[in-house]
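Just so you know, the protein sequences line up as chains A and B, in that order.
Position 166 (the first sequence) corresponds to 166 in full-length UniProt numbering; numbering is contiguous.
Position 57 (the second sequence) corresponds to 57 in full-length UniProt numbering; numbering is contiguous.
Note that the Cβ used here is the ideal one computed from N, Cα and C, for glycine as well.
The model shown is predicted, which means the values in this text are computed figures rather than measured ones.
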Amino acid sequence: MEYTGVPAGPAYLDAATAVPLHPVAREALLAALADGWADPVRLYSAGRRAQQLAEAARAAFAEVLGVRMDEVSFWPSGTAAAQAAVLGGLAGRARQGDTLVRSAIEHSAVLHAAARGKAVEVGVDRLGRLDLDGWEQAVTAPGVALASLISASHEAGTVQPVSAAAAYCGEAGVPLFVDAAQSVGWYDVPTGWSLLSASAHKWGGPPGVGVLVVRKGVRWISPYPQDDLYRPGMPGSADLPAVVAAAASLRAVRTEAEREAARLSSLVERIRERVPAVVPDVEVVGDPEQRLPHLVTFSCLYVDGEALLHGLDRAGFAVSSGSSCTASTLRPSHVLEAMGVLSHGNVRVSLHRDTTEADVERFLAVLPGLVEGIRREAGM
Amino acid sequence: MIELDCRGQKCPLPVIKLARNIGEVEVGDVVRVLADDPAAANDIPAWCRMKQQEYLGSPAENAFDIRRTH
Chain A
1 MEYTGVPAGP
11 AYLDAATAVP
21 LHPVAREALL
31 AALADGWADP
41 VRLYSAGRRA
51 QQLAEAARAA
61 FAEVLGVRMD
71 EVSFWPSGTA
81 AAQAAVLGGL
91 AGRARQGDTL
101 VRSAIEHSAV
111 LHAAARGKAV
121 EVGVDRLGRL
131 DLDGWEQAVT
141 APGVALASLI
151 SASHEAGTVQ
161 PVSAAAAYCG
171 EAGVPLFVDA
181 AQSVGWYDVP
191 TGWSLLSASA
201 HKWGGPPGVG
211 VLVVRKGVRW
221 ISPYPQDDLY
231 RPGMPGSADL
241 PAVVAAAASL
251 RAVRTEAERE
261 AARLSSLVER
271 IRERVPAVVP
281 DVEVVGDPEQ
291 RLPHLVTFSC
301 LYVDGEALLH
311 GLDRAGFAVS
321 SGSSCTASTL
331 RPSHVLEAMG
341 VLSHGNVRVS
351 LHRDTTEADV
361 ERFLAVLPGL
371 VEGIRREAGM
Chain B
1 MIELDCRGQK
11 CPLPVIKLAR
21 NIGEVEVGDV
31 VRVLADDPAA
41 ANDIPAWCRM
51 KQQEYLGSPA
61 ENAFDIRRTH
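Right, here's the structure in full:
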């Protein structure tokens with residue numbers, strides 16, 4: 001029998017949902033499970049060891065994010081951190097107003113938190129870039145308590161003009177919350193924000209760790225009953241071993257970030273160029289330049305997104321989609337809708353440190369046949 | 001004008017039906033698509049943009065008008 005090479009294993013290309021655990025995170029997690037199980041507030045040696053680990057983790061986050069240690073708190077997920085930012089930020093400014101200004105492409109966690117009260121939506125253009133004029137108008141209107149802007153779109157990859165948006169907020173005296181889940185592992189968030197959230201499994205930390213930063217001087221009132229501790233945060237014990245692993249891996253990925261961003265960005269560029277060349281009637285979405293290094297999204301006309309996801313899964317590729325047929329709500333992605341781009345036949349490919357050039361080449365080789373097959377079955 | 005009743009069909013079926021039937025009208029004439037899938041309001045204008053046809057708007061709920069331009 002002819003030797004055809006090692007069969008390719010499945011390629012996981014959904015880093016924007018969760019990145020496989022970074023080796024540094026794995027090591028730190030195992031060490032912290034042995035040493036960080038005790039309650040850090042207790043006055044015995046095991047408690048003190050846990051306290052030391054907790055403080056070291058907090059210090060690592062503070063250093064990478066360029067903030068003070070006591071501004072950092074840990075939450076059970078990025079979603080919980082983002083929702084605490086929105087609800088706590090609104091509550092802290094209740095005397096100034098009751099309105100949240102948010103972009104149309106925020107994560108659904110923010111949308112759901114915003115649905116609790118009044119919200120004003122600011123749109124984006126076809127490439128997914130915030131309408132800065134609309135933003136300025138919205139944040140300077142009376143009654144605004146808080147503004148919310150995602151640092152970079154988790155669906156289209158478009159990097160948002162955080163600096164400029166923060167400047168308008170600053171002039172209006174409105175605190176800005178930045179959901180930095182997709183960008184924190186890659187680059188520094190521009191300054192000028194008041195609250196920031198992140199999620200460890202987006203950079204290769206363990207799942208179940210959200211980070212919230214509330215800058216000094218920003219009034220934030222917990223949406224939850226508080227415990228006896230002074231610091232704001234989630235009531236109850238954090239998953240300390242996971243927090244330690246999250247901190248260690250964030251430091252590690254930021255050390256590798258420049259090199260990895262260059263490598264993955266060129267693979268994304270290859271997908272952006274090649275997909276429209278090998279698949280007819282495709283729309284590659286998002287800003288081709290101001291974009292995340294590791295994420296690319298495209299939509300294929302006449303293709304059922306769910307069928308394409310299953311086809312890719314059978315061919316050994318894990319990707320995600322913003323098409324309505326793949327969503328539990330049966331609605332198309334609000335991000336794709338806000339951009340006015342095709343929402344069916346949608347595929348989001350997001351890469352990470354284990355993604356190889358061979359994975360991408362194999363994906364590009366498999367995709368055209370799958371799309372063609374689905375179109376043929378639909379009579380196109 | 002022809003009318004394509006795609007109510008009850010999920011995307012991309014209404015867009016596929018539109019693409020297969022746009023040739024039934026003369027250049028300059030209008031196709032009306034009736035579709036209640038929530039993606040239709042987004043994907044029919046997107047199709048028009050990608051295929052250089054003219055999207056005329058939504059004259060009523062779940063109705064979308066497209067003018068054949070070529």
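CA-to-CA distance, residue j to residue i, given in whole angstroms
| i | j | result |
| --- | --- | --- |
| F363/A | E283/A | 17 Å |
| T356/A | L100/A | 42 Å |
| E377/A | S265/A | 34 Å |
| M69/A | K216/A | 11 Å |
| Q83/A | A35/B | 35 Å |
| L301/A | A246/A | 40 Å |
| V31/B | H112/A | 38 Å |
| A307/A | R58/A | 44 Å |
| A145/A | G233/A | 21 Å |
| A60/B | E24/B | 23 Å |
| S299/A | D281/A | 9 Å |
| Y3/A | A39/B | Because the pLDDT at Y3/A is just 49, under 50, the model does not fix this residue reliably, and the value given afterwards should be weighed accordingly. The alpha-carbon atoms of Y3/A and A39/B are separated by roughly 47 Å. |
| L4/B | E337/A | 23 Å |
| W37/A | L13/A | 33 Å |
| P7/A | L295/A | A caution first: P7/A carries a pLDDT of 49, below 50, which makes its placement in the model unreliable, though a value can still be read off. Approximately 26 Å between the Cα atoms of the pair. |
| A91/A | V218/A | 11 Å |
| V67/A | G123/A | 30 Å |
| G170/A | G192/A | 7 Å |
| D35/A | A46/A | 8 Å |
| A315/A | L351/A | 17 Å |
| residue 409/A | L195/A | This structure gives no information on residue 409/A, because the portion of chain A shown stretches from 1 to 380. |
| P142/A | N62/B | 36 Å |
| D98/A | E256/A | 42 Å |
| A11/A | G236/A | 38 Å |
| S148/A | I221/A | 17 Å |
| M1/A | L367/A | Note on M1/A: pLDDT 46, under 50, position unreliable in the model; no value is reported. |
| R49/A | E260/A | 34 Å |
| P293/A | R272/A | 12 Å |
| P175/A | Q9/B | 44 Å |
| S333/A | A327/A | 8 Å |
| A41/B | C48/B | 12 Å |
| E289/A | M50/B | 21 Å |
| L29/A | G379/A | 52 Å |
| D65/B | I2/B | 10 Å |
| T17/A | K202/A | 7 Å |
| P12/B | D29/B | 23 Å |
| K70/B | V341/A | The question names Lys, but residue 70/B is His in the sequence shown. Between H70/B and V341/A, the C-alpha separation is close to 22 Å. |
| D43/B | A119/A | 26 Å |
| V109/A | V27/B | Val is not the amino acid found at residue 109/A; the sequence shown has Ala there. Distance between the alpha carbons of A109/A and V27/B: 46 Å. |
| R125/A | L33/A | Looking at the sequence itself, residue 125/A is Asp, so the reference to Arg does not match. Straight-line Cα distance between these residues: approximately 47 Å. |
Opposing strand residues paired with residue i [DSSP bridges]
| i | result |
| --- | --- |
| L176/A | A147/A |
| residue 385/A | Residue numbering for chain A in the displayed model covers 1 to 380; residue 385/A lies beyond these limits and cannot be assessed. |
| W75/A | G210/A |
| L196/A | V178/A and V213/A |
| F317/A | A11/A |
| L4/B | V33/B |
| R291/A | T158/A |
Unbroken beta strand (DSSP E) run spanning residue i, endpoints
| i | result |
| --- | --- |
| I221/A | From DSSP, I221/A is part of no beta strand (DSSP E); its letter is neither H nor E. |
| N346/A | N346 to S350 |
| S299/A | L295 to C300 |
| L330/A | Here L330/A belongs to no beta strand (DSSP E), and DSSP marks it neither H nor E. |
| E24/B | Premise fails: E24/B is in no beta strand (DSSP E) and is neither H nor E. |
Residue span of the alpha helix (DSSP H) that contains residue i, given as start and end
| i | result |
| --- | --- |
| D313/A | G305 to R314 |
| E372/A | E357 to E377 |
| I16/B | L13 to N21 |
| D35/A | P23 to D35 |
| G185/A | Per DSSP, G185/A belongs to no alpha helix (DSSP H) and is neither H nor E. |
| L65/A | S45 to L65 |
Exercise. With contact counted as at least three CB pairs below 8 Å, one residue from each stretch, are the segment 154-161 of chain A and the segment 328-346 of chain A in contact?
Worked result: yes
Exercise. Taking one C-beta from the segment 310-330 of chain A and one from the segment 178-197 of chain A each time, how about it: are there three or more such pairs within less than 8 Å?
Worked result: no
Problem set entry | Validate contact between the segment 117-132 of chain A and the segment 91-109 of chain A using beta carbons, cut 8 Å, 3 pairs | yes
For this session: Note down, one range per segment and in chain order, each beta strand (DSSP E) of at least 3 residues found wholly within the segment 258-289 of chain A.
Result: 282-285
Exercise. Fully enclosed by the segment 91-160 of chain A, which alpha helix (DSSP H) runs are 4 residues long or longer?
Worked result: Fully enclosed alpha helix (DSSP H) runs of 4 or longer: 108-114 and 132-140.
Exercise. Which residue spans inside the segment 31-67 of chain B form an unbroken beta strand (DSSP E) run of at least 3?
Worked result: 54-60 and 63-67
Problem set entry | Cβ contact (3+ pairs, closer than 8 Å) linking the segment 10-28 of chain A and the segment 249-260 of chain A | yes
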